[in-house]
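Throughout, our numbering is defined as the position within the sequence shown, counted from one, plus 1046. Reviewing the structure listed below.
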Amino acid sequence: MKLTRFAALSSSLLLGAVLALTGASQAQATEAAALDYVALGDSYSSGVGSGAYDSGSGDCKRTNRAYPALWAAANSPSSFAFAACSGARTGDVTGSQLGAVNSGTDLVSITVGGNDAGFADVMTTCVLQSEANCVARVNTARAYVDNTLPAQLDSVYNAISAKAPAAQVVVVGYPRFYQLNGTCVVGMTEKERAAINGAADHLNTLLAKRAADRGYRFADVTATFTGHEICSPASWLHSVNWTNIGESYHPTAQGQSGGYLPAFSSAV
């Protein structure tokens, strides 16, 4: 009799736990389905490097393989506006990407700042010129991040908050590009790679601080890309691609799904 009561009690507790978990999952799904989501930013949000671009997006090179589209496909928000565009700077976001953001917007994601700081020119300099020139160009970019970019980020964040004061905003960072002492035997020197990694960390530190100051969340992708940088055995980032230069130093489809999507999902 005691064993029967124990079994019945155990079954009841197990059923209760299952129902609780099911209820939580359903609540999360319902919450996501009620969201109006807008994805803003540059090529790291549009999905450059992951292929299968939407021809209708033109030079913006948006793709369903990018983390905003992957998140929307998995969570089925009530609306999804994909405005991110390759090459976008802070002024481009405020000038041409905020049309879908309004008082009903619940969730906004954004990657921006890398182009303002001259990311493409840094990488070009480091690939084609001397180590000294590379380090000097990286230092120039770091100075820009310190002295000019904060006000530009604030301008973007002010514009978002003015149009969608109740929205949850997730600022998404950039990966470190190189695994130091990795498998690369040609190309940049380790000093150059370390300088580039340091600049990425420097930019992410600013993005995280500015986001926190506004009450926004910061999605740090450094951890999810660890072990998948360039010069690692399983890179999720394109190295320099002379046949398609625009995809150089951008995440692959695996980088979007395995690096960006988990970090963004955790922040949301």
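We put the beta carbon where it would ideally sit given N, CA and C, even for glycine. Small disclaimer: the values here were computed from a predicted structure and weren't measured.
Straight-line Cα distance separating residue j from residue i
i: residue 1064; j: residue 1121; result: In this prediction, residue 1064 scores a pLDDT of 46, lower than 50, which makes its location untrustworthy; the coordinate-derived value is nonetheless stated afterwards. For residue 1064 and residue 1121, the distance between alpha carbons rounds to 22 Å.
i: residue 1258; j: residue 1264; result: 7 Å
i: residue 1181; j: residue 1192; result: 17 Å
i: residue 1299; j: residue 1132; result: 16 Å
i: residue 1309; j: residue 1091; result: 13 Å
i: residue 1074; j: residue 1179; result: Residue confidence is low: residue 1074 scores 48 on pLDDT, short of 50, so the model does not pin down where it sits. Its coordinate-derived value is still stated next. When rounded, the distance between both Cα atoms is 51 Å.
i: residue 1221; j: residue 1093; result: 14 Å
i: residue 1281; j: residue 1295; result: 11 Å
i: residue 1082; j: residue 1233; result: 44 Å
i: residue 1248; j: residue 1239; result: 14 Å
i: residue 1146; j: residue 1218; result: 19 Å
i: residue 1212; j: residue 1155; result: 14 Å
i: residue 1236; j: residue 1170; result: 16 Å
i: residue 1163; j: residue 1186; result: 9 Å
i: residue 1273; j: residue 1231; result: 17 Å
i: residue 1307; j: residue 1118; result: 10 Å
i: residue 1322; j: residue 1313; result: The shown model of the chain, from 1047 to 1314, leaves out residue 1322, and the question about it has no answer.
i: residue 1242; j: residue 1123; result: 37 Å
With 16 other Cβ atoms within 10 Å as the buried cut-off, status of residue i
i: residue 1151; result: buried
i: residue 1107; result: buried
i: residue 1076; result: Only weak support is given to the placement of residue 1076: the predicted model assigns it a pLDDT of 47, under 50, and the value that follows is read from those uncertain coordinates. Result: exposed.
i: residue 1130; result: buried
i: residue 1084; result: buried
i: residue 1088; result: buried
i: residue 1104; result: exposed
i: residue 1148; result: exposed
i: residue 1114; result: buried
i: residue 1270; result: buried
i: residue 1215; result: buried
i: residue 1109; result: buried
i: residue 1143; result: buried
i: residue 1174; result: exposed
i: residue 1226; result: exposed
i: residue 1080; result: exposed
i: residue 1356; result: This structure does not reach residue 1356, given that the chain is present from 1047 up to 1314, and the question cannot be answered.
i: residue 1204; result: exposed
i: residue 1210; result: buried
Distance CB(residue i)-CB(residue j) smaller than 8 Å
i: residue 1245; j: residue 1158; result: no
i: residue 1267; j: residue 1305; result: yes
i: residue 1096; j: residue 1302; result: yes
i: residue 1198; j: residue 1289; result: no
i: residue 1202; j: residue 1139; result: yes
Expected contact under 8 Å - CB spacing of residue i and residue j to nearest Å
i: residue 1161; j: residue 1134; result: 7 Å
i: residue 1224; j: residue 1172; result: 11 Å between Cβ atoms; not a contact.
i: residue 1256; j: residue 1200; result: 7 Å
i: residue 1229; j: residue 1297; result: Contact flag wrong, Cβ pair sits at about 19 Å.
i: residue 1196; j: residue 1253; result: Their Cβ separation, rounded to whole angstroms, is 10 Å, which puts residue 1196 and residue 1253 out of contact at 8 Å.
Check: residue i C-beta below 7 Å from any heavy atom of the ligand PLP
i: residue 1227; result: Inclusion of the ligand PLP in the displayed structure is not the case, the ligand content being empty and no account of it being possible.
> Which runs of the alpha helix (DSSP H) spanning at least 4 residues fall entirely within the stretch 1248–1303, listed in chain order?
Replying inline: Every alpha helix (DSSP H) stretch that sits fully inside the stretch 1248–1303 and reaches 4 residues is listed by chain position as 1268–1271.
>> For a minimum of 3 consecutive residues, which ranges assigned as the beta strand (DSSP E) are wholly contained in the stretch 1080–1142?
In response: For the stretch 1080–1142, whole beta strand (DSSP E) runs of length 3 or above, ordered along the chain, are 1082–1087, 1125–1128.
> Which runs of the beta strand (DSSP E), 3 residues or longer, sit entirely within the stretch 1160–1236?
Replying inline: 1214–1218
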